[in-house]
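Visitor:
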Amino acid sequence: MNPKVDDFLEHSNKWKTELETLRNLILECNLVEDFKWRKPCYTFQDKNIVIIGGLKNYCNISFLKGALLKDEDKILQKPGKNSRSARIVPFTSVEDILSLKTVLKKYIYEAIEIEKSGLKIETSDELEYPEELKQIFKENIKFKTAFENLTKGRQRGYLLHFSGAKQYQTRLNRIGKYTERIFDGKGMLDCVCGHSKKMPNCDGSHKYL
């Protein structure tokens, strides 16, 4: 057991018992306990397999390559509509977890075998650019270059946000709002104040400056 996880669970204000139950279940599968991204993370040969954590309405176990699991029992959910790899199983009680104990173990062992095999999530590098952004790129080559210098993940985050607006003006406003951040090489969720304790991600520290 990892002492950082002990401390995390000790200070959990919600879902403490549920998370402890998930922890014990996962450790029975002989994974190594670590603490990453401020959450208990379980690995096999230094490869991340599952993470557990709590949100407002539920706690969950997240399979990092859940999209590759067969999901014969139909329990996996996308954590977000644009999630490509991770899949979660949400819980609101210890009873819910225990009722799926055998199934969860089966999924964990399957996830380990997937990692052993070297399977990877197949993702398309094709990114769809809204017409407004294409036009701005034509008018501002430096901005185009700055955008293309971002990682694919950061580019994808911006494109999903820009394209998500239905109105032409809203799309322009969104692009304008993040222009400086893009020039700085930052993603939508990256810290720009320098005070975050979750670097490079923003943890809201700028609100208290």
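In this text, residue positions in the sequence shown follow numbering that gives the first Met the number 0: the first is 0, and each later residue adds one.
The beta-carbon is built from N, C-alpha and C at its ideal position, and this holds for glycine as well.
A quick note: this is a predicted structure, and the numbers were derived from the prediction, not measured.
Whose C-beta lies closer than 8 Å to the C-beta of Glu-109 among residues of the same chain, with five residues either side of it excluded?
Guide: Your numbering for residue 109 matches position 110 in the sequence shown. Closer than 8 Å at Cβ, skipping near neighbours: Leu-68, Lys-69.
Visitor: For Val-191, does the three-state DSSP call read helix, strand or coil?
Guide: Working through the sequence shown from its first residue, we reach residue 191 at position 192. Of the three classes helix, strand and coil, the one that applies to Val-191 here is coil, per DSSP.
Visitor: What are the start and end residues of the beta strand (DSSP E) that includes Ile-120?
Guide: Mapped onto the sequence shown, residue 120 falls at position 121. Unbroken run through Ile-120: none, as it is neither H nor E.
Visitor: I'd like to confirm the pairing. Which residues does DSSP put opposite Glu-112 in its beta bridges?
Guide: Taking the first residue of the sequence shown as position 1, residue 112 is located at position 113. In the DSSP output, where bridge partners are listed per residue, Glu-112 has none listed.
Visitor: Between Lys-119, Leu-18, Asn-47, which has its C-alpha nearest Phe-90's C-alpha?
Guide: Along the sequence shown, one-based indexing puts residue 90 at 91. Cα-wise, what sits closest to Phe-90 is Leu-18.
Visitor: Under three-state DSSP, which class holds Ser-92?
Guide: Here the question's residue 92 lines up with position 93 in the sequence shown. Here Ser-92 sits in coil by DSSP.
Visitor: Is it buried or exposed for Arg-37, if we count other Cβ within 10 angstroms and need 16 for buried?
Guide: By one-based count along the sequence shown, residue 37 stands at place 38. So Arg-37 counts as exposed.
Visitor: Could you compute how far the alpha carbon of Gly-163 sits from the alpha carbon of Leu-132?
Guide: Locating residue 163 in the sequence shown gives position 164, counting from the first residue. Locating residue 132 in the sequence shown gives position 133, counting from the first residue. One C-alpha to the other measures close to 13 Å.
Visitor: Give me the Cα-Cα distance between Asn-148 and Lys-141, rounded to the nearest whole angstrom.
Guide: Reading the sequence shown from its first residue, position 149 is the one you call residue 148. Reading the sequence shown from its first residue, position 142 is the one you call residue 141. Taking the straight line from one Cα to the other gives about 11 Å.
Visitor: Tell whether a beta-carbon distance below 7 Å holds between Leu-26 and Phe-43.
Guide: The residue labelled residue 26 in the question sits at position 27 within the sequence shown. The residue labelled residue 43 in the question sits at position 44 within the sequence shown. No, Cβ-Cβ distance for Leu-26 and Phe-43 is not below 7 Å.
Visitor: What is the residue span of the alpha helix (DSSP H) that Asn-12 lies within?
Guide: Taking the first residue of the sequence shown as position 1, residue 12 is located at position 13. Run containing Asn-12: none; DSSP gives neither H nor E here.
Visitor: Using 8 Å as the cut-off, can you tell me whether the region 46 to 65 makes contact with the region 100 to 120, which would need three or more C-beta pairs spanning the two stretches below that distance?
Guide: Yes, since at least three Cβ pairs between the region 46 to 65 and the region 100 to 120 fall closer than 8 Å, the two stretches touch.
Visitor: Between Phe-136 and the rest of its own chain, which residues show a CB-CB distance below 6 Å, the 5 nearest in sequence each way excluded?
Guide: Sequence index remark: in the sequence shown, residue 136 carries index 137 (1-based). Correct list, in chain order: Lys-143.
Visitor: Please state whether DSSP places Ser-61 in a helix, a strand or coil.
Guide: Position 62 of the sequence shown, counted from the start, is the residue given in the question as residue 61. Of the three classes helix, strand and coil, the one that applies to Ser-61 here is strand, per DSSP.
Visitor: Assign Thr-169 to buried or exposed, taking buried as 16 or more other Cβ atoms, counted over all protein chains shown, within 10 Å of its Cβ.
Guide: Locating residue 169 in the sequence shown gives position 170, where the first residue counts as 1. Its Cβ having fewer than 16 others within 10 Å, Thr-169 is exposed.
Visitor: For Arg-220, is the classification buried or exposed, using 16 other Cβ atoms within 10 angstroms of its Cβ as the cut-off for buried?
Guide: In the structure as shown, the chain starts at 0 and stops at 208, and residue 220 therefore has no counterpart that could be examined.
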